[in-house]
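Peer 1: In the UniProt record's numbering, the protein residues as written are 1 to 98.
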């Protein structure tokens, strides 16, 4: 039996990075974007949970802060699945017989 994750545990990685990593380092979005070699807009979208975390961005955070990219990507996958599960009743499919 699979373990079902409660949606409240599926935190967007950008929001988590913002509060747990970026803020304690006292970095602005502009400063962080410069250090990670991305645009300010891309960084703002991620940290404000308006965009998902890409594998490349996860590696950038890994290199900058020592975080595991795979852990960050699992956070993103858990968040995405929780969002989909929230409206799974609206997803209509035809069952395929074996």
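Think of the CB as a built atom: it goes at the ideal place given N, C-alpha and C, for glycine as much as any other residue.
What alpha helix (DSSP H) runs, 4 residues minimum, are completely inside the UniProt domain "HTH cro/C1-type" (25-72)?
Peer 2: Those alpha helix (DSSP H) runs which fall completely within the UniProt domain "HTH cro/C1-type" (25-72) and span 4+ residues are 29-36, 40-47 and 55-65.
Peer 1: Could you check what DSSP says for residue 100 in three-state terms: helix, strand or coil?
Peer 2: Lying before the first or after the last residue shown, residue 100 is absent from the chain, which here runs from 1 to 98.
Peer 1: Inspect the beta-carbon positions of residue 69 and residue 59 and report whether they are closer than 7 Å.
Peer 2: In the chain shown, the residue the question calls residue 69 occupies position 69. In the chain shown, the residue the question calls residue 59 occupies position 59. A contact, by the Cβ cut-off of 7 Å.
Peer 1: Please classify residue 14 as buried or exposed, where buried requires at least 16 neighbouring CB atoms within 10 angstroms.
Peer 2: By 1-based counting over the chain shown, the position of residue 14 is 14. Residue 14 is buried by the Cβ-count criterion.
Peer 1: Thinking residue 53 and residue 83 are a contact (beta carbons under 8 Å), I'd like their distance in whole angstroms, please.
Peer 2: Counted from its first residue, the chain shown places residue 53 at position 53. Counted from its first residue, the chain shown places residue 83 at position 83. 14 Å between Cβ atoms; not a contact.
Peer 1: Closest by CA to residue 25, which one among 64, 71, 11 and 40?
Peer 2: Counting from one through the chain shown, the residue named residue 25 turns up at place 25. Nearest option by C-alpha distance: 64.
Peer 1: Output the distance between the C-alpha atoms of residue 23 and residue 80, rounded to the nearest integer angstrom.
Peer 2: Counted from its first residue, the chain shown places residue 23 at position 23. Counted from its first residue, the chain shown places residue 80 at position 80. The alpha-carbon atoms of residue 23 and residue 80 are separated by roughly 24 Å.
Peer 1: Buried or exposed for residue 33, please, with buried defined as at least 16 other CB atoms from any protein chain shown within 10 angstroms of its CB.
Peer 2: In the chain shown, the residue the question calls residue 33 occupies position 33. Looking at its Cβ environment, which holds 16 or more other Cβ atoms inside 10 Å, residue 33 is buried.
Peer 1: For residue 74, does the three-state DSSP call read helix, strand or coil?
Peer 2: Against the chain shown, residue 74 aligns to sequence position 74. Residue 74 falls in the helix class under three-state DSSP.
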